[in-house]
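Below: the structure, in structure tokens.
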Amino acid sequence: AMKLGIAQLNLTVGDIAGNAARLLAAAKEAHAAGAGLLLTPEMSICGYPAEDLVLRHDFTAACAAALGRLAADAPPGLALIVGYPERSDDGLFNAAALLRGGRVEAVYRKHHLPNHSVFDEQRVFDSGSAPCVFACGGVNFGLVICGDIWEPGPATWAMEAGAQWLLVPNASPYHLKKERERASAARTRLVEAGLPIVYANQVGGQDELVFDGASFAMTGGGEVAVQCPAWREGLFYVDLAGDTCCGPQHALPAENEAVYEALVMAVRDYVGKNGFKGVHLGLSGGIDSALTLAIAVDALGAGKVHAVMMPSDYTASISIEDSRDMVKRLGVRYSEIAIKPIFDAFVGQLAD
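To convert a position in the sequence shown, counted from 1, into our numbering, add 1460.
As structure tokens, then:
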């Protein structure tokens, strides 16, 4: 048996130094807990999706330098999988590096680059073509990255190269029922290659995308034997034995709860990662702005939310009463700004 860690982290695009520091802290914690291997999300050094930033040579050079420092500083006995944009004479790749013994021991380059819905990786990356298999704790692990388990090929090539387990670093965005789709894709690859899977997904918001975590491990029989929580950061440990494993089993939220969690995390990270101090929110007394207010308070705290009611001659008294009731319940700062004078001036100016 061997112990493996999944680092389900909320990383920030472009914060190379901050992300590397978080990865190093996770590596030290996992090593202290007795893990022989730690799997981190896709592009964990620079955050995902880094989009056109990876086209800048200074950016990829900074990622490579941070990767080298992380390899030197991480516990030498730990096998650490870290995602980064690799620039070489062969091209520019979405890659995952095996850091061990103070150095970059091996690199895997993502084969299947998604170019649909929210993805446009083919515009910035080149495709890899070789498997990457390494031994740790008496187990042969094959690396594939995110989109590689949605398509045939890479899992089989890892198996043919001697892999006994697949490790899959991911930055898989959330949408309704996405967890079921991921498990289905993993089972399809399991049928194809016969390899059990450890799937590590990032968590957090990045612009219009939100990542739910919900990492998992699937045994050779297709059972999800380890389920990490959705919408929560943390280190989670998997004990491997043959093609089976055991570890935590967190219940995934029901659909409505998951949607609410997605909205809260998206708002929190959009405001926080962009450095905004808080939000101003127009309150109407209706259900739409009431829900928006609840999301904002749950995401940011009441102290960072300012609700503004702008009554006019067309505003029903119940709307004002409901607005006052909502802000009292949630404890946010509140202003009422009557807009009749502004409205009258506008109508007068455009009378002709």
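Ideal Cβ placement from N, Cα and C applies to all residues, glycine included.
Same chain only: Cβ atoms within 6 Å of residue i, ignoring 5 sequence neighbours per side
| i | result |
| --- | --- |
| residue 1758 | 1724 |
| residue 1592 | 1566, 1568 and 1603 |
| residue 1494 | 1463 |
| residue 1795 | 1768 |
Residue i to residue j span [Cα, whole Å]
| i | j | result |
| --- | --- | --- |
| residue 1756 | residue 1781 | 20 Å |
| residue 1555 | residue 1744 | 48 Å |
| residue 1709 | residue 1637 | 19 Å |
| residue 1478 | residue 1658 | 26 Å |
| residue 1512 | residue 1736 | 23 Å |
| residue 1535 | residue 1560 | 8 Å |
| residue 1508 | residue 1807 | 48 Å |
| residue 1748 | residue 1635 | 21 Å |
| residue 1625 | residue 1656 | 5 Å |
| residue 1805 | residue 1792 | 31 Å |
| residue 1590 | residue 1615 | 11 Å |
| residue 1600 | residue 1640 | 27 Å |
| residue 1550 | residue 1718 | 41 Å |
| residue 1480 | residue 1502 | 13 Å |
Sequence-distant residues of its chain with Cβ nearer than 7 Å to residue i (five each side left out)
| i | result |
| --- | --- |
| residue 1734 | none |
| residue 1773 | 1800 |
| residue 1514 | 1520, 1545, 1552 and 1584 |
| residue 1818 | What is shown of the chain runs 1461 to 1812, which leaves residue 1818 out entirely. |
| residue 1646 | 1609, 1657, 1659 and 1678 |
Three-state class that DSSP yields for residue i in the structure shown
| i | result |
| --- | --- |
| residue 1463 | strand |
| residue 1592 | coil |
| residue 1629 | strand |
| residue 1671 | strand |
| residue 1740 | strand |
| residue 1569 | strand |
| residue 1720 | helix |
| residue 1806 | helix |
| residue 1527 | helix |
| residue 1470 | coil |
| residue 1678 | strand |
| residue 1795 | strand |
| residue 1538 | coil |
| residue 1704 | strand |
| residue 1477 | helix |
| residue 1585 | coil |
Own chain partners of residue i with C-beta closer than 8 Å, once the 5 adjacent residues on each side are dropped
| i | result |
| --- | --- |
| residue 1707 | 1677, 1685, 1686, 1696, 1697, 1698 and 1699 |
Please specify which runs of the beta strand (DSSP E), each continuous and at least 3 residues long, are wholly inside the segment 1744-1789, giving them in chain order.
If we require 3 residues or more, the beta strand (DSSP E) runs fully inside the segment 1744-1789 come out as 1765-1769.
Assess, as a yes-or-no matter, whether the segment 1680-1694 is touched by the segment 1468-1480 under the definition of 3 or more beta carbon pairs within less than 8 Å.
The count of Cβ pairs closer than 8 Å, one atom from the segment 1468-1480 and one from the segment 1680-1694, reaches three, so the stretches are in contact.
The segment 1533-1551 / the segment 1474-1491 touching (three or more Cβ pairs under 8 Å)
The segment 1533-1551 is in contact with the segment 1474-1491.
Please confirm if the segment 1759-1766 is in contact with the segment 1698-1709, defined as three or more CB-CB distances below 8 Å between the two stretches.
Output reads no: the segment 1698-1709 does not touch the segment 1759-1766.
Take every Cβ of the segment 1646-1664, pair it with every Cβ of the segment 1672-1691, and state whether three or more of those distances are shorter than 8 Å.
Taking a contact to require three or more Cβ pairs closer than 8 Å, the segment 1646-1664 and the segment 1672-1691 qualify as touching.
Please list the segments of the beta strand (DSSP E) lying wholly inside the segment 1542-1568, counting only runs of 3 or more residues, in order along the chain.
Within the segment 1542-1568, the complete beta strand (DSSP E) runs of at least 3 residues are 1551-1560.
Can you list, in chain order, the stretches of the beta strand (DSSP E) that have 3 or more residues and sit fully within the segment 1487-1518?
You should have 1497-1499.
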